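Protein chains: 2
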Amino acid sequence: MTKACRAGPLFTDLYELTMAASYYAHRIFSPATFSLFIRDNHLTRSFFVAAGLEDVLDELTGFHFPGQDLEYLETTGLFSEEFISYLAQLRFSGDMYAMPEGTIFFANEPVLEVTAPIIEAQLIETFVLNTIGFQTMVTSKAARCVHAADDRQLIDFSLRRTQGQDAGIKVARSTYLAGFAATSNVLAGKIYDIPTSGTMAHSYIEAFDSEPEAFSAYSDTFPQHTIFLIDTYDTIEGAKNAVKVAKAMKEKGNELIGVRLDSGDMADLSKKVRKIFDDAGLIDVKIFASSGFDEFKIAKVLSEDAKIDAFGVGTKVGVSADAPYVDIVYKLVHFKNRAVRKVSPGKITLAGEKQVFRKSNLNGCYLEDVIGVRDEKVSDGAPLLEKVMENGKLLRSNPSLQDIRDRFSKNFSLLDEKYKSIHDKVDYPVKLSKMLKDLQKSI
Amino acid sequence: MTKACRAGPLFTDLYELTMAASYYAHRIFSPATFSLFIRDNHLTRSFFVAAGLEDVLDELTGFHFPGQDLEYLETTGLFSEEFISYLAQLRFSGDMYAMPEGTIFFANEPVLEVTAPIIEAQLIETFVLNTIGFQTMVTSKAARCVHAADDRQLIDFSLRRTQGQDAGIKVARSTYLAGFAATSNVLAGKIYDIPTSGTMAHSYIEAFDSEPEAFSAYSDTFPQHTIFLIDTYDTIEGAKNAVKVAKAMKEKGNELIGVRLDSGDMADLSKKVRKIFDDAGLIDVKIFASSGFDEFKIAKVLSEDAKIDAFGVGTKVGVSADAPYVDIVYKLVHFKNRAVRKVSPGKITLAGEKQVFRKSNLNGCYLEDVIGVRDEKVSDGAPLLEKVMENGKLLRSNPSLQDIRDRFSKNFSLLDEKYKSIHDKVDYPVKLSKMLKDLQKSI
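Below you can see the structure in the form of structure tokens.
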């Protein structure tokens, strides 16, 4: 598998390096544990889907400062020669507990905990926050779309509007993980072996003297893979033109896969277009729809009984438009054999090394989670954080994206419908164990 | 200058390749002109700042399909061997007109026009939209912050929450272009030679037995570069601790640069902290503030007379939280010697190859823009689109980021204050020339 570009150790905030230099100067190398979690301030999400761990593990296993990065750091004039030499030999030697990708989790639950010499644990903060935060956010948004679409196929169309190149590639992975059927993104198709999908733009139609001519030309090239875009001039006329060309295709033994609507009143148009195809005996021709879809618009058109078989979902999911960031943080919780807690106003952190235990009913459906102390036992609670790295070494190979996708799909079926509401935030019960509560009081 | 990762030709939607294959099969190679512009639907922005052109030109000058990309395309089973061979030798051979980075522009104005054989012009669509769209969006958001901060320094703190890696790097460039003073992003500092800034996190304070001990340790390491974070336990107590350490620093001949507030009521705390330092005779110690700042929060705390000298601006600018995408499109406007126009409901495009002319008053202040036909003359109107590429060759070297930043700063001073309101969208006058209107009617 070819990866997208590697971030490298300079993908960090300067203060991570200045703090590291100060720890180094004072010979502070004790192990520290940092906990990664999403705060619940102003959240509009009832659940999250863990994603991004593969990139984190890939980055950490190869973590080192190349010579040109050290040369750049020298030019800043901030760092001693001794510290630069120390960085030159630095590798990531820590332990990591993490929820596997595709795990459903909730606000305030640690999704990842790192224990490493404090300099190492600090230097990776920015990268870990960025990577898990963004991919978790988009995967969670995509899961909401999958739920709203109620078994209809979704295709990621976001590449042209994602926030940069890396985002485009990660959105394709995240949406596929959440259950999308395909992506328009060819590079992501190559990197992650995701099915790709796509047909034609308005410009293709305009490049021909007439719409039927454009349809015919396209179906000549792709007799088995044709979806006509029918709204360039008029959707209803477009549907009629598509019927004519579909019949001509049939005479040659080919089937039109579908047509795509890209503007106008989607529920109304889809019903009219469905009728046009049904009346022509083309009941297998599918109707695809695109243009501003997200979970809200999908739910709206389906509530209006739209006759849409598949949705192209783009911009609004690719940037998580209604919630374009999550308040994800990476906080020191354990240092020098003591639990640590920050108490700045409105910013409480749960001290100590932790585990999240999930209780389920006899059918496997999720009942409640208990955040506990790492090593305690919670009866009937399955631990969600797995040890994935020890002394900087991976403890398992990365699961395939298909396996992660299957895991999420199963997990999602075990989450009660009420937590999947796209309109209301419904709090899933997350409790603290007595041992964890006692630990907080003891500080 | 080291660049971030290159996208490559597979950074595209599949339909660009299927359309290309169909054009190739039908021997359609005529030049097409596509126009890039931002639609004004639901916009909350009065102006935009052009950005991203450097990346577009870099990508296009190196545009080609590496062998492994062609091999991947073969595996899709969609493309003929002949077409794959055609792609193997394809380079970008087109012309491009574009507004230089740092140019202020408005909705519906073409910011870039490409003329190339239709296959080439189509294949670059996704990359061009993504690149210009994202960087323009963030630069425009950053310019609003610069305006709200009214000459106070701004520092980009967004890296941990940007939408992926590429976004993090581009946000640092975009915010610097718009007038930010520095970034916390070390990688962007290296790539773009942007000043970097940063000091300490809460975890650094917590790693020591007490706050004064942490402050002293840090100032030992960086006697000339110290800004204390003072809200870990209590901002007022933190300020008092900072005063003590600052006095100890003074005795050794060093000056504390400043302190940073990161939570609580910023206006109120900043006044109290200012008084604590002033009363101690430390009038040169600066107050930095971070935590959720964007143009709205900056304006709010300054309206409350906050005593803040510099703002760390992060997440909300890094993802353009109030407007996380722009409706940027790339539309066919000219093909086979005729102007082309799409008329889908609510999606009107101005046909023809165009130029944007800007009229200014005697002081250089912007009065109005006229969108005209590419080759017409508009009296007193300065053309904004420059020819930057001909037959696939760059016509000029890329300006330095510093030059672009200076250009924007000058341009921004020529835009009337009323268009800079962060709360209201105020329409700058953008007219169509008679020649362009006549062209639209003729289609």
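For the protein sequence lines, the chains are A and G, in the order given.
Just so you know, we're using my numbering here: the first sequence kicks off at 1 and counts up by one.
Just so you know, we're using my numbering here: the second sequence kicks off at 1001 and counts up by one.
Just so it is clear, CB atoms sit at the ideal spot from N, CA and C, and this is done for glycine as well.
Predicted model only: the values in this text are computed from it and were never measured.
| said: Can you find the residues in the same chain that come closer than 8 Å, C-beta to C-beta, to G/K1418, ignoring five residues on each side of it along the sequence? | reply: V1426
| Nearest chain G C-beta to A/M1 closer than 9 Å, yes or no? | Residue placement at A/M1 is poorly supported in this model, since its pLDDT is 36, which falls under 50; the coordinates are not used for a value here.
| query | By the criterion of Cβ-Cβ separation under 7 Å, what are the contact partners of A/A218 in chain G? | reply | The residue asked about is misnamed: residue 218 of chain A is Tyr in this sequence, not Ala. Result: S1022.
| field | Residue burial classification, G/P1110 (beta-carbon count within 10 angstroms, cutoff 16) | value | buried
| query | Can A/V49 and A/Y330 be called in contact, C-beta distance under 9 Å? | reply | no
| field | Contact list for G/E1206 against chain A, beta-carbon separation under 8 Å | value | L332, F335, V340 and K342
| Interface flag, A/T297 vs chain G, CB-CB below 9 Å | A quick correction: the sequence has Lys, not Thr, at residue 297 of chain A. Not closer than 9 Å to any Cβ of chain G, the Cβ of A/K297 fails to qualify, so no.
| Local Cβ density within 10 Å of G/A1382, reported as buried at 16 or more and exposed below that | exposed
| query | Is it true that the CB of A/I276 sits closer than 9 Å to the CB of A/K240? | reply | yes
| Per DSSP, cross-strand counterpart(s) of G/Y1330 | G/L1036
| task | In the DSSP assignment, find the alpha helix (DSSP H) that holds G/L1367 and state where it starts and stops. | result | Note, G/L1367: premise wrong, no alpha helix (DSSP H); beta strand (DSSP E) at Y1366 to V1373.
| field | Whole alpha helix (DSSP H) elements within the stretch 226 to 262 of chain A, 4-residue minimum | value | 235 to 251
| CB contact flag (A/A167, G/D1166, <9 Å) | yes
| message | Suppose you measure from the CA of A/L78 to the CA of A/L123; what does that come to, to the nearest Å? | response | 16 Å
| Residue interval of the beta strand (DSSP E) (run including A/T162) | Per DSSP, A/T162 belongs to no beta strand (DSSP E) and is neither H nor E.
| How would you call G/T1061, buried or exposed, if buried means at least 16 neighbouring beta carbons within 10 angstroms? | exposed
| said: Using C-beta distances below 7 Å, list every residue in its chain close to G/A1149, excluding the 5 sequence neighbours before and after it, in chain order. | reply: I1298 and F1311
| query | CB-CB under 6 Å to G/T1199, same chain, minus the five flanking residues each way: which ones, in chain order? | reply | I1227
| request: Give me the Cα-Cα distance between G/C1365 and G/R1144, rounded to the nearest whole angstrom. | output: 18 Å
| said: Residues of chain A with CB closer than 9 Å to the CB of G/G1258, please, in chain order. | reply: Chain A residues near G/G1258: none, gap ~14 Å exceeds 9 Å.
| query | Within 9 Å (strictly less), CB to CB, does A/E16 reach chain G? | reply | yes
| query | Where does A/A88 land, buried or exposed, given buried means 16+ other C-beta within 10 angstroms? | reply | exposed
| Excluding sequence positions up to five away, which residues of its chain have a Cβ less than 6 Å from the Cβ of A/G314? | F157 and S158
| said: Looking only at its chain, what residues have a beta carbon closer than 7 Å to the beta carbon of A/K336, apart from the 5 residues adjacent to it on each side? | reply: S30
| message | Looking at A/L415: is its Cβ nearer than 9 Å to the Cβ of A/R173? | response | no
| said: Cβ closer than 7 Å: which chain A residues qualify as neighbours of G/Q1440? | reply: Correct list: empty, because the minimum Cβ distance to chain A is about 15 Å.
| field | DSSP beta-bridge partners of A/V430 | value | A/D369
| query | If A/G94 sits next to A/E74, beta carbons under 8 Å apart, how far is it from one beta carbon to the other, in whole angstroms? | reply | Incorrect: roughly 26 Å between the Cβ atoms, too far for contact.
| query | Whose C-alpha, out of A/F92, A/A98 and A/D69, is nearest the C-alpha of A/I84? | reply | A/D69
| What is the DSSP secondary structure of A/F134, counted as helix, strand or coil? | helix
| message | Taking the straight line between their C-alpha atoms, what separation do you get for A/A25 and G/S1197? | response | 20 Å
| task | Check G/Q1122 in the structure and name its three-state DSSP category. | result | helix
| Alpha carbon of A/I230 to alpha carbon of A/A289, nearest angstrom | 10 Å
| request: Determine the DSSP secondary structure at G/L1014, reduced to helix, strand or coil. | output: helix
| message | Any heavy atom of the ligand MN closer than 8 Å to the beta-carbon of G/I1236? | response | Only the bare structure without any ligand can be found here, which leaves the ligand MN out of the picture.
| Can you find a C-beta in chain G that's less than 9 Å from the C-beta of A/R160? | yes
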